[in-house]
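Numbering (the working numbering), first residue to last: 9 to 137. First up is the structure itself, then whatever we jot down about it.
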Amino acid sequence: MRRSEAGFTLLEVLVALVILSVAVVAALQLFGGGLRLARASGDHVEATLLAHAMLAEVGPEPLEEGTNEGSAGDYRWTRRVTIEPELRPVPPDEPGAETVRLARVTVEVRWGKSRRVELATLRAWGTKP
9 MRRSEAGFTL LEVLVALVIL SVAVVAALQL FGGGLRLARA SGDHVEATLL
59 AHAMLAEVGP EPLEEGTNEG SAGDYRWTRR VTIEPELRPV PPDEPGAETV
109 RLARVTVEVR WGKSRRVELA TLRAWGTKP
C-alpha cells in the first residue's frame, strides 16, 4: 500500500470539519428563526383571542357611541363604537315598523412596538318609532 492511499490526511479531515461546522451553523440559524416565528404567531393568536373577547363583551342592549381603552398583560386594547344613521327596512308608516339602529364595533389590540390586530363587527337593534 502506498503512503498516499493509507488513510485520511489532515487536510481531508479539516475540510470535512469545516463543511460540518457550516451545516451545523445553518441548522442552528434555521432553528432560531423557527422559534422567533412560533413566538410571533403565538402573540398574534393571543391578541386575536383578546379582541374576540372584547367584541363578545358587547351585550344585546342598545349601544352608545364612544371609545374605551384598557390593557391585559402586554396587550393594550381600544374598543370604538360608531352609530350609523338609522335604517328603515320597511316604510315607517306601516304598523309595527321598527327603526333599525346599526353600530360598528371595532377592537384594536396592540403589543410590542408596532404589532397590532384589529377586528370589527356590526350590531343591529330595533327601536319603535
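Even glycine gets a Cβ: it sits at the ideal position worked out from N, Cα and C. Note that this is a predicted model, so its numbers are computed, not measured.
Can you list, in chain order, the residues of its chain whose CB lies under 7 angstroms from that of residue i, leaving out five sequence neighbours each side?
i	result
G78	W85
L22	none
Only counting the same chain, and skipping five residues up and downstream in sequence, which positions put a Cβ closer than 8 angstroms to that of residue i?
i	result
A80	L58
E126	A59, T114, V115, E116 and V117
A35	none
Going by alpha carbons, who is nearest to residue i out of the options?
i	options	result
E111	A46, L71 and R123	For the sequence presented, residue 111 should be read as Ala rather than Glu. When each option's Cα is compared against that of A111, the closest is L71.
K121	A24, A35 and D82	D82
A64	A128, G134 and W133	A128
Determine, using beta carbons only, whether residue i and residue j come nearer to each other than 9 angstroms.
i	j	result
A55	R131	no
E73	W133	no
Apart from the five residues on each side of it in sequence, which residues of its chain come closer than 6 angstroms, Cβ to Cβ, to residue i?
i	result
R88	T75 and T114
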